[in-house]
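Enquirer:
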């Protein structure tokens with residue numbers, strides 16, 4: 001009775017550990033033997049226990065047993081779970097419902113008898129409901145004969161279609177002679193001056209040189225620029241980080257952002273990271289929050305600076321984007337201002353004397 005009233009037995013039933021209850025009525029007695037497999041609550045992967053209970057027709061428990069250690073004393077939580085499940089079955093009325101084997105043909109569905117054989121083409125697989133759809137599909141199809149269109153009418157149709165499609169014209173009209181003239185390609189704009197090649201294209205091996213001074217002398221003879229080249233590079237790189245020419249021309253040149261590191265590194269064993277950063281011709285993969293915010297709001301900051309308090313201090317103030325500035329005498333230096341009327345930027349200008 002203590003195990004029957006204990007909470008552990010009820011937990012076994014709620015957790016579903018008490019499996020199917022089976023019963024047996026011996027011929028020589030009026031007792032009913034109830035049996036069920038109960039899974040251990042803390043060792044669910046082990047074989048289940050096998051409790052059983054002998055009860056009278058009035059529900060009195062006469063004897064119990066289980067193969068667990070506590071059940072050897074004829075009282076355990078597994079026996080309590082078995083009794084709880086029997087009580088639940090009686091309470092919900094499951095014991096009064098007839099078994100499926102007591103009802104005739106409950107496991108067989110009604111079948112059709114006397115089926116006549118027929119060809120597959122004559123069988124209606126849609127059933128009775130879509131008969132209207134089948135009748136509609138069997139109606140003879142109406143086929144319209146296309147009427148020829150005169151050449152003048154077709155030309156007028158193309159012209160009206162072209163006028164209605166302005167400014168975006170369908171490319172299919174370029175296949176007809178009357179409208180193909182509207183799709184003439186524009187003449188390519190040939191730049192008046194070519195951008196000088198970057199320093200990476202002037203690379204040569206150090207074989208045949210005895211010292212760095214000889215390498216420097218040979219390099220200065222190769223990378224010569226005149227005033228027009230310097231001015232042209234500055235004009236085509238005004239978009240700075242948004243221009244591919246900006247990265248191409250910066251590669252191999254010492255800019256203001258790395259000038260301090262160049263002065264601090266060793267000449268006999270220079271920093272490999274510094275060399276890679278100077279020779280890289282691709283955008284940086286640095287995507288910090290501060291850099292991304294600065295790139296998005298750079299134009300706004302420049303406009304607020306020009307229209308803010310600084311405009312009241314200076315007269316005829318003009319704010320223009322600055323491209324890559326290269327020193328003509330020393331073309332390996334870039335981004336360093338030599339002379340200016342006024343400059344505002346995110347890098348400190350270096351005076352070269």
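In UniProt numbering, the protein residues as written are 1 to 353. Each residue gets a CB set at the ideal place from its N, CA and C atoms; glycine is no exception.
Check whether the region 234-250 and the region 267-276 are in contact - that is, three or more C-beta pairs closer than 8 angstroms.
Expert: No: the two stretches stay apart, fewer than three of their Cβ pairs being nearer than 8 angstroms.
Enquirer: Once you ignore the five residues that flank residue 283 on each side, which residues in its own chain have a CB closer than 8 angstroms to its CB?
Expert: Your numbering for residue 283 matches position 283 in the chain shown. Only 241, 247 meet the Cβ criterion.
Enquirer: Could you name the residues of the same chain whose beta carbon sits closer than 8 angstroms to that of residue 198, not counting the 5 residues immediately before and after it, in chain order?
Expert: By one-based count along the chain shown, residue 198 stands at place 198. Contacts found: 248, 249, 251, 252, 281.
Enquirer: Quick check: the region 204-213 against the region 154-171, are at least 3 beta-carbon pairs closer than 8 angstroms?
Expert: The region 154-171 is not in contact with the region 204-213.
Enquirer: Between residue 49 and the rest of its own chain, which residues show a CB-CB distance below 6 angstroms, the 5 nearest in sequence each way excluded?
Expert: In the chain shown, counting from the first residue as 1, residue 49 sits at position 49. Same-chain partners within the cutoff: 38, 66, 67, 68, 78.
Enquirer: What are the start and end residues of the alpha helix (DSSP H) that includes residue 303?
Expert: Here residue 303 refers to the residue found at position 303 when the chain shown is read from its first residue. Note, residue 303: alpha helix (DSSP H), 289-307.
Enquirer: Out of curiosity, what's the CA-to-CA distance linking residue 147 and residue 153?
Expert: In the chain shown, counting from the first residue as 1, residue 147 sits at position 147. In the chain shown, counting from the first residue as 1, residue 153 sits at position 153. Approximately 13 angstroms, taken between the alpha carbons.
Enquirer: Which residues does DSSP list as the beta-bridge partners of residue 23?
Expert: As a working note, residue 23 is residue 23 in the chain shown. Residue 23 pairs with 34.
Enquirer: Per DSSP, which residues does residue 52 bridge with? Please list them.
Expert: As a working mapping, residue 52 is identified with position 52 in the chain shown. According to DSSP, residue 52 bridges with 35, 65.
Enquirer: According to DSSP, simplified to helix, strand and coil, what is residue 18?
Expert: The residue labelled residue 18 in the question sits at position 18 within the chain shown. Strand, per DSSP.
Enquirer: Our contact map puts residue 40 next to residue 82 with C-beta atoms below 8 angstroms; I'd like the distance itself, whole angstroms only.
Expert: Within the chain shown, the letter at position 40 stands for residue 40. Within the chain shown, the letter at position 82 stands for residue 82. That pair is no contact at about 14 angstroms.
Enquirer: How would you call residue 206, buried or exposed, if buried means at least 16 neighbouring beta carbons within 10 angstroms?
Expert: Sequence index remark: in the chain shown, residue 206 carries index 206 (1-based). Exposed, by the Cβ-count rule.
Enquirer: Taking DSSP as the reference, what is the three-state secondary structure of residue 334?
Expert: The sequence position of residue 334 within the chain shown is 334, counting from 1. Looking at residue 334 - three-state DSSP - the assignment turns out to be strand.
Enquirer: Using three-state DSSP, classify residue 10 as helix, strand or coil.
Expert: Here the question's residue 10 lines up with position 10 in the chain shown. Helix at residue 10.
Enquirer: Nearest by alpha-carbon distance to residue 168: which of 183, 237, 175, 155 is it?
Expert: The count along the chain shown starts at 1 and reaches residue 168 at position 168. Cα-wise, what sits closest to residue 168 is 183.
Enquirer: Buried or exposed for residue 232, please, with buried defined as at least 16 other CB atoms from any protein chain shown within 10 angstroms of its CB.
Expert: Start at 1 with the first residue of the chain shown, and residue 232 comes out as number 232. The residue is buried, with at least 16 neighbouring Cβ atoms inside 10 Å.
Enquirer: How would you call residue 85, buried or exposed, if buried means at least 16 neighbouring beta carbons within 10 angstroms?
Expert: Here residue 85 refers to the residue found at position 85 when the chain shown is read from its first residue. Label assigned to residue 85: buried.
Enquirer: For residue 47, count neighbouring Cβ atoms within 10 angstroms of its own Cβ and tell me buried if that reaches 16, exposed if not.
Expert: Counting from one through the chain shown, the residue named residue 47 turns up at place 47. Per the 10 Å Cβ criterion, exposed.
Enquirer: Quick one: what's residue 254 bridged to in DSSP?
Expert: Position 254 of the chain shown, counting from 1, holds the residue named residue 254. Residue 254 is bridged to 333.
Enquirer: Give the range of the alpha helix (DSSP H) segment to which residue 88 is assigned.
Expert: Locating residue 88 in the chain shown gives position 88, where the first residue counts as 1. Start and end: 77-92.
Enquirer: What are the start and end residues of the alpha helix (DSSP H) that includes residue 153?
Expert: In the chain shown, the residue the question calls residue 153 occupies position 153. It spans 151-164 - the alpha helix (DSSP H) in which residue 153 sits, taken as one unbroken run.
Enquirer: When you compare the CB positions of residue 321 and residue 238, do they come within less than 8 angstroms of one another, or not?
Expert: Translated into positions along the chain shown, residue 321 becomes position 321. Translated into positions along the chain shown, residue 238 becomes position 238. Closer than 8 angstroms, so yes.
Enquirer: By DSSP, does residue 326 sit in helix, in strand, or in coil?
Expert: Here the question's residue 326 lines up with position 326 in the chain shown. Three-state DSSP puts residue 326 in a strand.
Enquirer: When the Cα of residue 234 is compared with those of 318, 326, 45, which residue comes out closest?
Expert: Your numbering for residue 234 matches position 234 in the chain shown. Of the candidates 318, 326, 45, the one whose C-alpha sits nearest the C-alpha of residue 234 is 326.
Enquirer: By Cβ distance below 6 angstroms, which residues in the same chain neighbour residue 333 in space, the five residues on each side in sequence not counted?
Expert: Mapped onto the chain shown, residue 333 falls at position 333. Taken in chain order, the residues that qualify are 254, 327.
Enquirer: Does the beta-carbon of residue 335 have 16 or more other beta-carbons within 10 angstroms, so that it is buried, or is it exposed?
Expert: Here the question's residue 335 lines up with position 335 in the chain shown. Burial call: buried.
Enquirer: How many angstroms separate the CA atom of residue 31 from the CA atom of residue 117?
Expert: In the chain shown, counting from the first residue as 1, residue 31 sits at position 31. In the chain shown, counting from the first residue as 1, residue 117 sits at position 117. Computed Cα separation, rounded: 58 angstroms.
Enquirer: CA-CA distance, residue 204 and residue 222?
Expert: Stepping through the chain shown from its first residue, residue 204 is reached at position 204. Stepping through the chain shown from its first residue, residue 222 is reached at position 222. Near 10 angstroms, if we compare the C-alpha coordinates of residue 222 and residue 204.
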